[in-house]
Amino acid sequence: MEEEIILEGVIEDIVYQNKENWYTVCVLDNKGEPISCVGTMPEVYEGENLQVIGIWCTHHIYGKQLKVSTFNKSLPQTVQGIEKYLASGLIKGIGAKTAHKIVARFGTDTLKIIEQEPLKLTQIRGISKDKASKISEAYHSQYEFREVIIGLEEFGINPTYAIKIYKLYKDKTFNIIKSNPYILIEDIIGIGFNKADEIAKKIGIEDNDPNRIKSGILFVLNKFANNGHTYVPKDILNKECQILLNGDKDLIENAFLSLSFDNKIIVKVIDDNTIIFLTYLYYGELNIATKLLSLKNGYNPSKELLPKILNYENEIKTIEHELNIKLVEEQKQAILSSLTNGVTVITGGPGTGKTTTINALLEVLKECDCTFSLAAPTGRAAKRISETTAEQAQTIHRLLEIGYVQDSKKQIFNKDENNPLEVDVLILDEVSMIDVVLMNAVLKALFEGQRLILIGDADQLPSVGAGNVLKDIIQSNQIQTIRLKQIFRQATKSAIINNAHRINKGEYPISNEKDTDFFFMNKSIQQEIQHIIPDLILNRVPKYQRVNALKDIQVLSPMRKGLLGTIELNTILQQILNPSQKHKPEKEYRTTTFRVGDKVMQIKNNYNIPWKIFAKNKMVIDEGVGVFNGDCGIISNINSDVIEVMFEDCKIVDYEFNQLDELELAYAITIHKSQGSEYPVVIIPIHSGPPMLFSRNLLYTAITRAKKMVIGIGLQETMCRMIDNNQEIERYSNLKRHLEIISEQLLC
Ligand SMILES: Nc1ncnc2c1ncn2[C@@H]1O[C@H](COP(=O)(O)OP(=O)(O)OP(=O)(O)O)[C@@H](O)[C@H]1O
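Residue numbers for the sequence shown follow the numbering used here, so the first one is 5 and each next one is one higher.
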């Protein structure tokens, strides 16, 4: 670890200051020697005395500078210091000229006068009574802000969070935090239970504090939700909470009651088991079930559509003629169901004709003058469906017109029950990736009489977010589901597709045959695999296939950690594919170095971040907000403020440095993150890892991402073990049950 040093001096110059996050670059006069300091330094002004603690670092353009982690400041003592301080823009209404006049009059007493006897300022020409009191007010409010920042620092809250907290609570900051620091979890993005708990300890809040116990329970429930569960059995939740909170059982039981009373959790007894939901997930699943059944039951084909349905066989013949294809029975059923039912699910593995069915269906819909929208959960999936259907498709977020919610964890969709989608039919692709929250939002924007068609492969990994939406819908048997099973001749030529189906059935893949697109390289030493992967990307694959090494070849690893995990592989691949060069800008952030030319991925949904698309002449031709989990791009520029990323759809996004925890290098990504994406070539290191993770559907998902070539590399026996491991990790979800129960109630 580099050694922290302490320096003191007067701020000579504020070179740069971002007033939103207070990222500051300033020059400190340290006994006559100018020192460049950078870091989050709220409300520092020229002329002030600063004591800074930080480490030395070297910026590739600006040279040696002190990266400040903590600072203290005191008011300037000298006449020159005070004048500089006042002239710095700190107080509205005082510029350089007025500052000079005030200091010339009051000398080193200036600040005391402003604070305690502001009326004396009226002795100076040009300062009225009103202006004098405004100057005093501005001085006080910045003083209060500074006190809060310093006070919060004592609770272990760094200036970045302190600013956000002060902005929200203002002069009530201390009262609110001292009485319940756990409130920060709900109010401040980036503060979770562990951080709030640390703050609480510093304040002296006891372990048995009811707010702590309640927050701990919600924290555990959220942890389960992040792993895909919509509820947790009470006995499991109890155990986890006792470990986390060291709390006694009665206190936890009381907290359950209190949370339930406050409508934060829902407690249900199902088949003698008590299960606990976060409220939004309980109602999310309930609303999905209710709405799906109301769409199912509320749809009656219109007078215009009925003759087409009756004359369906002829309609199909026309479409077959137009598309020059003979649809199989299942495909025809899928189309008929989409015309006659309010909700239809079309599911099948790769190459079973899903896209062809959508294409035929779109023709029928156009024939019938039905309006439709096509959407998918990720930008990549939407782009793919646009390409294969030649119809405009968009992300579900865009379709629902996601709103801009500043400084809030909540997402808002403009399309909802009050402002529904105005189409006859909504077609959603890659539904296996849709979680409860998103499906609920989609269904809110539909009304009885509209039709919903859900397309997906239920054998893919389930959604990253909570719920098991597609599987629950299919397994409930309450929604018309068409299973496409036939693998078409065209598709059977591909070893990737054949092997995907073999794996899905529990059979081992056939690899390395002549003219195949499916390879497996048996290698047992992980370090050797680390060397081979870059060679494959740079040399061997581009010789065999016409592909762009950076864009078209994707390494998909089962894990983040370990020698073949994404973290290690990204470091190696970055060194080889985009090495450090003298004039290539880079930015270190935590353990990652981001460099111009790097392939990166957004790792969480950010609904607020602005993007722009530029024409060649640098004119903005489109702009909006939102970059989503899994979106990939290339770093196109780095300057002293931001990292600029160009995403695959030419959207340019500026990341401020404090947003960099949303970005990761993406030379290698996890299989989970690859869901819904397709790449020409996929390289999958398969060596060793936890059996829970190394499952059949993980391998199936990885392989079905590839269009032209799959290269597995590692231990064949591990791959076989993955195929044998069909134990899907149980997801606690309740949608299937809701669908069954509500259907039964509707029948009664
Ligand atoms: N009825 C059919 N008769 C003959 N060939 C068909 C038929 N339906 C689809 N195909 C062909 O089968 C291949 C796979 O079809 P399609 O792309 O529609 O499947 P998919 O399920 O969307 O595949 P993936 O999930 O891999 O994208 C294509 O070459 C398509 O032209």
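In this text, a Cβ means the ideal position worked out from N, Cα and C, and glycines have one as well.
Since we're looking at a predicted model, the values are computed, not measured.
Per DSSP, residue i is paired with what?
| i | result |
| --- | --- |
| N277 | I274 |
| V42 | V29 and K71 |
| S78 | N53 |
| P689 | I717 |
| A672 | V559 |
| V649 | I639 and V657 |
| E452 | Q454 |
| N610 | V631 |
| D626 | I617 |
| H401 | Paired residue(s): none; H401 is not in a bridge. |
Residues in its own chain within less than 8 Å of residue i by CB, not counting five upstream and five downstream?
| i | result |
| --- | --- |
| K489 | E334, G352 and T356 |
| K77 | V48, E52, N53, L54, Q55 and R150 |
| P538 | I576, L577, I580 and L581 |
| N184 | N215 |
| L568 | Q530, I533, Q534, S561, P689, H691 and G718 |
| V813 | Residue 813 lies beyond the stretch modelled for the chain, which goes from 5 to 752, so this question has no answer here. |
| N226 | L282 |
| D428 | L369, C374, T375, F376, Q454 and R455 |
| K330 | E324 |
Roughly how many angstroms separate the alpha carbons of residue i and residue j, rounded to a whole number?
| i | j | result |
| --- | --- | --- |
| A619 | R741 | 51 Å |
| I292 | D201 | 35 Å |
| T257 | Y286 | For clarity, residue 257 is Glu in the given sequence; the question names Thr instead. Between E257 and Y286, the C-alpha separation is close to 20 Å. |
| K555 | V714 | 15 Å |
| E511 | Y704 | 12 Å |
| M726 | E367 | 41 Å |
| I478 | V551 | 38 Å |
| P695 | D728 | 10 Å |
| E8 | D519 | 60 Å |
| I139 | A103 | 11 Å |
| C372 | I323 | 12 Å |
| Y593 | L123 | 49 Å |
| K3 | F492 | The question about residue 3 has no answer here: the residues shown for the chain are numbered 5 through 752. |
| N162 | Q663 | 16 Å |
| K509 | E652 | 35 Å |
For residue i, count neighbouring Cβ atoms within 10 angstroms of its own Cβ and tell me buried if that reaches 16, exposed if not.
| i | result |
| --- | --- |
| I701 | Strictly speaking, residue 701 in this sequence is Asn, with Ile absent from that position. Under this definition N701 is a buried residue. |
| K547 | exposed |
| I625 | exposed |
| G232 | buried |
| R455 | buried |
| C61 | exposed |
| G67 | exposed |
| Y20 | exposed |
| I514 | exposed |
| V273 | exposed |
| N423 | exposed |
| K622 | exposed |
| P46 | buried |
| T375 | exposed |
| P311 | exposed |
| S584 | exposed |
| R129 | exposed |
Below 8 Å on the Cβ atoms is my guess for residue i versus residue j; work out the distance and round it to an integer in Å.
| i | j | result |
| --- | --- | --- |
| I501 | A495 | 5 Å |
| P381 | I406 | That pair is no contact at about 13 Å. |
| S73 | G43 | 7 Å |
| I207 | I192 | No, I207 and I192 are not in contact; Cβ-Cβ is about 16 Å, not under 8 Å. |
| I617 | C654 | 5 Å |
| I279 | P237 | 5 Å |
| A259 | I203 | That pair is no contact at about 19 Å. |
| L79 | L115 | 6 Å |
| F524 | Q720 | 6 Å |
| T28 | I18 | 7 Å |
Considering only residues of the same chain and omitting the five flanking positions on each side of residue i, which have a CB-CB separation below 7 Å?
| i | result |
| --- | --- |
| G302 | G346, E452 and G453 |
| V646 | D658, Y659 and E660 |
| G628 | W615 |
| E326 | E367 |
So, for residue i: in the same chain, excluding its five sequence neighbours on each side, which residues have a beta-carbon less than 6 Å away from its beta-carbon?
| i | result |
| --- | --- |
| L458 | V349, L432 and V435 |
| G634 | T382 and K677 |
| E12 | Q55 |
| T359 | T392 |
| N503 | P513 and F522 |
| V473 | I438 and M443 |
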